Structure formats: structure tokens, C-alpha cells
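Below is one structure, written out as C-alpha cells, with a few remarks after it.
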Amino acid sequence: MTVASARHILVESEEKCNELKAAIEAGADFAEVACQNSSCPSGRNGGDLGEFGPGMMVPEFDKVVFSAEVGTVQGPVKTQFGYHLLEVTSRS
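Using our numbering, read the sequence shown as starting at 22 and increasing by one per residue.
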């Protein structure tokens, strides 16, 4: 079974998500941005979600996590929880 590790940042608006993505692409540290901005409890851990398999996250998440290139920041990804920036840290 394929498993992945990822981290994310959850915010309420697409605009905020785009703003944070631009900051990360300009050199800001993903984990620090997550700690300061994510409304998900994982934000305290730099957005780290640990390891999970297909179907363990919402479908919108799975689609990105199991197809995106490892190490790239993806998003905004809209789910029922809000808007996410995702970074796949590993997949095997």
C-alpha cells in the first residue's frame, strides 16, 4: 500500500492561502508559517500530519497528496474545513 507523509496549513480564505503560499515561495519556512497561521491543531507541529494511506484524509486532500511531486507546495486546496496549503514530505 502506498503511504505518504505531509504537512499542511489550514486557513479560512483562499486569499490568505495564496498570501501564505507566496511567502513560502519567497523563502519563508513552511513550518514557521504553519505555526503562526494554521487553524488546525497540527499547526503547533509545523503542520505535520504524519504518515497516512489513501482514504484516511478527505478526498480533495488525497488527490493532491498521492499525485503531487514530493517537496512542492500545493494549493490552495478547498475542503469542507477551509483552504489548505499542502506539502508532501515523503511517499512510498
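Backbone N, C-alpha and C define an ideal beta-carbon position, used for all residues, glycine too.
In this text the structure is predicted, and so the values were computed from the model without any measurement.
{"Check": "Considering only C-alpha positions, which residue in the set T93, A55, K99, V98 is nearest to R112?", "Outcome": "T93"}
{"Check": "Alpha carbon to alpha carbon, how far is I30 from Q57?", "Outcome": "10 Å"}
{"Check": "Is the Cβ-Cβ distance between V54 and V86 less than 9 Å?", "Outcome": "no"}
{"Check": "Report the rounded CA-to-CA distance for P80 versus A47, giving the unit in angstroms.", "Outcome": "29 Å"}
{"Check": "Helix, strand or coil for A43, going by three-state DSSP, please let me know.", "Outcome": "helix"}
{"Check": "By Cβ distance, which residues of its chain are closer than 7 Å to L70, with the 5 residues on each side in sequence left out?", "Outcome": "A27, R28, H29, S63"}
{"Check": "Sort A52, A44, E36, K99 by Cα distance to G68 and report the nearest one.", "Outcome": "A52"}
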